[in-house]
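Colleague: Numbering (this note's numbering), first residue to last: 65 to 242.
#1: Can you list, in chain order, the residues of its chain whose CB lies under 8 Å from that of residue 101, leaving out five sequence neighbours each side?
#2: Could you tell me which uninterrupted alpha helix (DSSP H) segments, each at least 4 residues in length, are contained entirely in the stretch 121-148, listed from first to last along the chain?
#3: Report the three-state DSSP secondary structure of residue 242 (helix, strand or coil).
#4: Measuring CB to CB, does residue 201 end up less than 8 Å from residue 151?
#5: According to DSSP, what are the bridge partners of residue 202?
#6: Can you tell me the Cα-Cα spacing of residue 204 and residue 128, whole angstroms?
#7: Less than 8 Å between C-beta atoms, sequence neighbours within five positions excluded: which residues of the same chain meet that for residue 222?
#8: Which whole-angstrom value is the C-beta distance of residue 107 and residue 139, which I expect to be below 8 Å?
#9: Work out the CA separation of residue 228 and residue 161 for me, nearest whole Å.
#10: Out of 143, 72 and 212, state which residue places its alpha-carbon closest to the alpha-carbon of residue 186.
#11: When the Cα atoms are used, what is the spatial distance from residue 154 to residue 168?
#12: To the nearest angstrom, report how far apart residue 225 and residue 219 are at their CA atoms.
#13: In the DSSP assignment, the beta strand (DSSP E) including residue 185 goes from what residue to what residue?
In structure tokens form, the structure reads like this:
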């Protein structure tokens with residue numbers, strides 16, 4: 065039995081999603097449960113957290129690890145409160161993504177893949193985010209920031225500077241619907 069304890073709200077969200085599926089289809093809830101877990105536990109999934117998800121869904125832990133390690137939206141190591149993902153593929157590259165990355169690195173005093181010393185930001189370059197017509201772009205949580213300039217990057221960083229909770233791909237409240 066896992067020592068990890070979800071909040072009542074998070075556990076309730078997972079249980080409500082489970083109700084939508086037959087008992088032999090609990091694995092269908094795995095991705096939403098991982099999103100909820102990641103939002104609940106500081107923006108990343110530790111092994112004990114994944115073990116708790118496995119326990120809740122009556123899955124083998126390896127089934128949870130396989131899914132969590134396959135999808136880049138799940139963080140398996142601690143990250144900053146805001147993970148900045150800058151698209152690095154063709155359209156963004158041609159329109160200055162490398163300059164945007166260099167600017168962010170200099171501004172935050174970190175390199176790609178690193179987290180600021182204060183734990184506020186993690187910077188990553190990623191494959192196409194599907195916003196080629198508005199390149200260069202970056203994503204923080206669910207929000208796209210497009211047609212980037214250095215000035216826009218400054219605004220984005222200032223906006224996210226003093227957040228109390230993690231910017232996740234999906235906030236647990238996403239799963240309250242229905």
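Note that beta-carbon positions come from the ideal geometry of N, C-alpha and C, so glycine has one too.
Modeller: If we stick to the structure as given:
#1: 70, 74, 109, 113, 114, 116 and 117
#2: 125-134
#3: Caution applies to residue 242, whose pLDDT of 44 falls short of 50 and renders its modelled position unreliable; the value that the coordinates give is listed next. In the structure shown, residue 242 sits in coil (DSSP, three-state: anything other than H, G, I, E or B).
#4: yes
#5: 150 and 209
#6: 25 Å
#7: none
#8: 6 Å
#9: 28 Å
#10: 143
#11: 19 Å
#12: 10 Å
#13: 185-190
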